[in-house]
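Top line first, the protein sequences correspond to chains F, X and Y.
Quick note: the first sequence uses this note's numbering, first residue 19, plus one each step.
Quick note: the second sequence uses this note's numbering, first residue 179, plus one each step.
Quick note: the third sequence uses this note's numbering, first residue 67, plus one each step.
Beta carbons: idealized from backbone N, C-alpha and C, even for Gly.
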Amino acid sequence: MTKLFQLVASGAALGAVYALVGLGFVVIYRATGVINFAQAGMVVLGAFLVYNATATWDLPFWLAVLVSMGIGALLGIVLERVILRRMIGRPVYAVILVTVGLLLLVEPVVTTIWRNPATNIETPWGLSKVTIGDVSILQVDAATVVLAALVLGAFFAFFKYTKFGVAMRATAIDQEAALAQGINVRRIVALSWAIAGVVAVLAGTMLGAGAGPGTGLGVGISIIALKALPAVVLGGLDSPLGAVVGGLLIGIAEVLTAGYQSDVLPFLPGGFAAVMPWVVMLVVLLVRPYGLFGTKEVRRI
Amino acid sequence: MAPTTRMLRSYGDDLRLMPSRSGKLLLVVLLAVYLLLPFQLDDFWASVLTLAGITAIGALGLNLLTGYAGQPSLGTAAFIGLGAFTASYLGRPEDFGGLEWAFPAYLAVAIVLGALVGFLVGVPALRLRGNYLIIATLGLVFVALYVFKSWDEVTGGNAGVPMPIEVNLFGLDFANLELFGETLGRNQGLFYLVWAAVALVALLCTNVVRSRPGRALQAVRDRDVAAEVVGVSLFTTKVGAFVLSSAIATMAGVFYGIWIQYLVAEEASLGLNLSIQYLAIIIVGGVGTTYGPIVGAILIGSMPALIDEFAGNLPFVSSSPATESGISKPALQAGLYAVLIIVFLVAEPNGLAGLWRRVRGYFSGWPLAR
Amino acid sequence: MHRGLRAVCSLVMAAGLVAAVAGPAGGNVAAKAPPDTDGFDGKTITLGVITPLSGRVSLIGLPLTAGNQLWWDYVNDELGGVGGKYKVELQQEDSQYQAPVAIQAYDKLKGEVVDFQQILGTQITKALLPKMQVDKSAAVPATLDASWVKNPNLFPLGGPYQIEGINALDYYVRNGGKGKKVCGLAQDDEFGQAGIDVLDYSKKALKLKVGPVPRFKTGEDLTAQIQELSDADCDAVLLAATAADATAILTKSIALNFEPQMIALAPFWLPTFAQSTDLQQYLIDHVWVAAEQAIAWGDTSVPAMDTFLQRQQQFAPDAKPDPYFVFGYLQGQAMYEILQKAVKNGDLSHEGVLKASNQIGKVTFDGLSGDYKYGKSASNRNPPRAATVFEVDPTQPVGLAILETLTSKAAKKYPIEG
């Protein structure tokens with residue numbers, strides 16, 4: 019029984035990471051209909067920004083994160099303004115490929131600027147644990163779960179109660195109609211990218227501190243970030259709640275599969291747990307493409 | 179004096195492949211280059227250009243699917259792997275656990291297999307469009323990698339497998355070619371085979387495009403519901419596009435296996451990056467033309483080699499990789515590749531082909547500007 | 067080996083050693099100048115290096131190459147080159163740790179180099195071997211697989227991973243591990259297989275109680291595997307994993323309260339790990355690293371280390387302490403021995419170098435690494451059977467302090483296929 023609880027707890031920690039990354043995907047998809055592959059790159063960059071702020075500029079952790087969040091927001095706005103805005107009206111695969119190009123740019127940039135990074139970002143939690151009975155997870159993992167819930171709550175409040183939030187919802191439903199209502203769609207889109215940048219920094223910080231798979235600081239973070247895609251598809255590409263629920267579900271399922279595969283599915287070759295999220299994604303796409311909480315797409319002919 | 183512009187007097191004229199004088203001249207030049215180049219190339223450039231040809235084949239297939247039919251796909255890598263491992267299992271020497279079939283045999287099997295898998299992918303893909311199709315094909319790549327990694331007998335699992343060594347067609351072993359008394363290296367010999375295949379596939383694609391199925395493809399791309407109303411069967415067209423492009427990509431995979439001589443199933447060689455490369459090639463080359471993907475493949479294929487040769491002269495690039503300052507050559511390669519993709523996508527949506535059209539248009543209208 | 071030939075070899079080796087250690091104008095005068103051939107133009111010898119200079123494995127490829135360069139800078143500067151006459155240049159190509167890129171690099175270099183100073187990567191080496199067999203070229207491999215030992219196209223040095231592991235387990239048994247349960251964590255590839263080989267052999271040879279050995283793919287989430295080991299109450303775990311997954315393994319073990327004696331094969335370790343404030347304590351308390359026989363960086367009581375450090379100060383003063391840097395230097399030394407012989411034979415062609423490699427007898431590194439018996443043909447080779455077990459010590463240059471260097475009976479008897 020302990021094994022089950024432990025695996026679920028560790029799975030939730032992994033899932034919280036997917037959730038945080040996924041929220042970044044969702045925010046941009048909602049506003050623009052674009053799946054922003056560069057989000058994975060922004061997560062890496064976010065991690066290194068916080069690392070830089072704590073290690074090189076010697077800022078206290080919380081200040082470092084705040085400053086990096088600002089830089090992340092700025093980066094998001096700049097990317098949108100300079101590159102993505104010029105891709106309006108282009109076929110969807112072209113837009114996605116531009117975001118992929120940005121993702122590809124991140125690794126050479128990061129490895130050139132930071133040549134010998136440490137293994138982890140230094141955080142107040144370090145690698146200390148939280149233990150309940152026989153189950154333990156790292157404090158950073160617990161913090162990630164809390165953070166994901168907080169961000170989700172913040173999104174919820176933002177979308178429901180603030181002017182900008184309502185405007186974003188309107189833009190997501192129909193850009194033209196929103197424009198007709200006097201909403202400055204350009205500013206909304208820029209705001210979405212800024213928010214995505216901020217969320218990326220948060221996700222990168224936790225990953226760089228050792229949450230989730232525990233690989234810590236490194237360009238490998240982008241690969242982990244890409245695995246959030248199945249989570250957001252499961253949850254619904256335009257639903258923040260979906261990103262969190264999807265993330266948790268995928269994370270827990272992944273770790274449970276790894277733990278029990280040899281007992282339950284012995285006929286499957288080893289390593290199925292790593293590919294399982296993608297299989298789930300394919301099934302969701304075929305059966306219910308808009309996911310658990312996404313909005314069903316209605317096509318005007 | 180012969181007309182310098184294409185004057186169409188009949189439907190037949192419109193269909194002619196090489197309508198103009200300059201077109202025929204170009205053909206002759208290309209043929210000469212094809213025949214003579216391998217003798218001039220050193221092993222390295224022969225290898226680069228042969229790989230470029232292999233990539234061009236795959237790109238032509240993807241161009242049909244994405245450029246003409248409008249079905250964006252990031253799944254090419256899966257089919258390349260399929261072709262390569264089929265070639266390996268069926269064609270490699272018995273000492274290495276293969277069946278030692280002849281080249282035409284395993285090529286045929288691979289193509290049929292590719293078409294079959296393409297069908298199996300294409301049918302469910304009917305339900306998906308745009309964004310969803312792209313990530314679905316992305317998922318396909320990961321699933322394919324899992325299958326490849328697990329199927330030890332065929333793919334060698336994590337250790338990998340060697341590939342067929344000899345490539346015999348019409349009695350010639352292209353991996354060990356002897357022409358005019360000179361023995362050509364492996365890559366030089368393969369150059370002939372691969373680029374002949376490129377020509378064939380290009381011909382096939384051009385014919386598809388300028389005939390009825392091609393128009394159906396484009397109709398589906400532009401307005402699929404309207405196309406169905408007009409009588410274009412969405413099923414046949416979309417699935418057909420998948421089948422054809424998958425078969426072509428698998429064929430490219432067979433050549434890739436032969437070229438690389440040893441293959442391990444892993445993300446680095448058969449994963450997302452490979453699929454991205456193909457998509458980038460058709461976009462940079464120019465979607466919707468036949469020569470675009472070929473030019474794109476040559477450009478992107480030679481880029482790492484060119485950077486290697488010439489980048490050392492730039493002041494901020496460090497030739498020795500262990501220095502603390504400046505950009506390393508590999509980082510420059512990766513960075514330039516990404517920047518190239520972004521710049522082309524943003525600035526020149528029609529790729530090199532579009533650029534060429536603009537240049538040609540400018541000159542043909544000269545001195546009347548614009 | 068023939069008595070007379072052995073004497074000649076020893077004489078040549080002694081002369082070579084004296085030249086190498088004593089200093090200027092060393093090396094034998096060639097019987098006649100070797101004819102020009104691939105990579106040799108009568109003045110300079112060019113050697114190829116195919117290694118990851120970018121990407122995550124460049125953390126190994128870069129110091130290795132720097133070590134290669136240090137050796138040849140020394141030889142070129144103080145000895146005048148191979149045979150006292152021919153300077154050596156390294157042509158480096160970035161393999162990005164990918165077989166196709168490496169194959170292209172090989173094709174590019176093969177006509178321009180005498181042979182290869184360094185090729186890194188088990189898969190890459192396997193991919194290149196068929197071509198090298200055809201071209202009769204050879205390389206010093208930078209990975210320590212037992213299958214390289216008897217391959218005529220490879221000039222290996224350093225004890226294979228299997229020897230490292232067996233010796234380390236022997237040390238463990240003699241230091242509190244008797245009767246305890248030993249498990250493993252193995253990467254899902256050839257390298258991980260080496261770890262499994264160690265455990266299979268040691269079960270009988272060291273009478274070990276062996277528990278589960280879960281496998282993992284690099285980059286995977288490791289919760290389930292660590293959980294499995296923890297549930298099985300393993301007292302010790304043999305780690306056949308590389309530095310790429312090291313952080314994840316350590317972090318997960320800490321998270322799940324799993325604190326066995328970790329015995330890691332050499333590729334696990336990077337000096338930066340010892341500097342991580344989060345991981346340090348766990349590393350010091352629970353992790354040993356098993357490597358091939360080595361001397362601590364900076365231990366000037368060993369003359370060979372002292373000499374090495376002097377040369378490092380002179381030619382590569384900015385180099386950071388790194389075990390791969392030393393290994394690269396030793397790779398250079400091994401190649402030097404073979405090239406000296408080839409120059410003496412007057413033949414630097416591919417076949418000539420292969421022949422020379424069967425004539426050098428034993429390659430000795432004065433303790434910086436184990437002596438490697440080369441024998442009169444590749445199938446006669448015998449790698450060093452010693453290994454060094456380290457514990458983690460952040461005050462040491464590479465973060466490791468020697469516990470013991472040993473040659474266990476079990477390691478001596480381990481059968482190497484050929």
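{"query": "Alpha-carbon spacing of Thr264(X) relative to Val127(F), whole angstroms", "result": "38 Å"}
{"query": "Whole-angstrom C-beta distance between Ala229(F) and Leu156(F), which should lie under 8 Å", "result": "7 Å"}
{"query": "Neighbourhood of Lys475(Y) by C-beta distance below 7 Å, restricted to the same chain and skipping five residues each side", "result": "none"}
{"query": "Beta-carbon separation (whole angstroms), Thr428(X) vs Ile289(X), contact threshold 8 Å", "result": "6 Å"}
{"query": "Any chain X beta carbon closer than 8 Å to Ala112(F)", "result": "yes"}
{"query": "Nearest neighbour of Val217(F), chosen from Leu22(F), Ala65(F) and Pro307(F) [CA to CA]", "result": "Ala65(F)"}
{"query": "For Gln158(Y) and Lys176(Y), the rounded distance between their alpha carbons", "result": "12 Å"}
{"query": "Assigned secondary structure, Arg306(F) (DSSP; H/G/I helix, E/B strand, else coil)", "result": "coil"}
{"query": "Inter-residue spacing [alpha-carbon to alpha-carbon] between Leu552(X) and Gly513(X)", "result": "Residue 552(X) cannot be examined here, being either before or after the span of chain X that is shown, 179 to 548."}
{"query": "Min CB distance Asn346(X) to chain Y below 8 Å", "result": "no"}
{"query": "Opposing strand residues paired with Met328(Y) [DSSP bridges]", "result": "Val303(Y) and Val353(Y)"}
{"query": "Limits of the unbroken beta strand (DSSP E) element including Leu156(F)", "result": "Val153 to Leu156"}
{"query": "Chain F residues whose Cβ lies nearer than 7 Å to that of Ile505(X)", "result": "Thr130"}
{"query": "Complete runs of the alpha helix (DSSP H) confined to the segment 167-210 of chain Y [at least 4 residues]", "result": "188-201"}
{"query": "Neighbour list for Pro231(F) in chain Y, Cβ cutoff strictly below 9 Å", "result": "Gly285, Glu286, Asp287, Leu288, Thr289, Ala314, Thr317 and Lys318"}
{"query": "Inter-residue spacing [alpha-carbon to alpha-carbon] between Pro196(Y) and Gly108(Y)", "result": "29 Å"}
{"query": "Chain-ordered neighbours of Ile169(Y) on chain X, where CB pairs are closer than 7 Å", "result": "Ile438 and Gln439"}
{"query": "Where Thr74(F) falls, given that 16 or more other Cβ within 10 Å makes a residue buried", "result": "exposed"}
{"query": "Contact set between Ile461(X) and chain F, taken where Cβ atoms lie within less than 7 Å", "result": "Ala112 and Leu115"}
{"query": "C-alpha gap between Gly260(F) and Leu303(F), whole angstroms", "result": "15 Å"}
{"query": "Proximity of Val44(F) and Asp256(F) at Cβ, strictly below 8 Å", "result": "yes"}
{"query": "Nearest-angstrom Cα separation, counted from Val455(Y) out to Asn267(Y)", "result": "Correcting the residue identity first, residue 267(Y) is Tyr in this sequence and not Asn. Roughly 19 Å between the two C-alpha positions."}
{"query": "Same chain, Cβ closer than 8 Å to Ser146(F), five either side skipped, listed in chain order", "result": "Leu156 and Gln157"}
{"query": "Extent of the continuous beta strand (DSSP E) run through Gly516(X)", "result": "Per the sequence shown, the amino acid found at residue 516(X) is Ala instead of Gly. Unbroken run through Ala516(X) is the alpha helix (DSSP H), Lys507 to Ala525; no beta strand (DSSP E)."}
{"query": "Partner residues on chain A for Ser225(X), Cβ-Cβ distance less than 9 Å", "result": "In the structure shown, chain A does not exist; the protein chains are F, X and Y."}
{"query": "Where Glu483(Y) falls, given that 16 or more other Cβ within 10 Å makes a residue buried", "result": "exposed"}
{"query": "C-beta atoms of Phe297(X) and Val421(X) nearer than 8 Å", "result": "yes"}
{"query": "For Thr103(Y), three-class secondary structure by DSSP", "result": "strand"}
{"query": "Cβ-Cβ distance between Val473(X) and Leu530(X) below 8 Å", "result": "yes"}
{"query": "Residues within the segment 331-343 of chain Y neighbouring chain F, beta-carbon criterion of under 9 Å", "result": "Leu336, Thr338, Phe339, Gln341, Ser342 and Thr343"}
{"query": "Completely contained alpha helix (DSSP H) runs for the segment 22-75 of chain F, where each covers 4 or more residues", "result": "56-69"}
{"query": "Member of Asp344(Y), His352(Y), Ser423(Y) and Tyr402(Y) whose CA lies at the smallest distance from the CA of Trp143(F)", "result": "Asp344(Y)"}
{"query": "Proximity below 8 Å, CB of Pro387(Y) to CB of Pro326(Y)", "result": "no"}
{"query": "Cβ of Leu92(F) within 8 Å of any chain Y Cβ", "result": "no"}
{"query": "Residue-level contact to chain Y via CB, Asn365(X), 8 Å cutoff", "result": "yes"}
{"query": "Cutoff 8 Å; reference Ser76(Y); Cβ partners in own chain excluding five residues on either side", "result": "Confidence at Ser76(Y) is low in this model, with a pLDDT of 49, below 50, so its placement is unreliable and the value that follows should be read with caution. Only Gly427 meet the Cβ criterion."}
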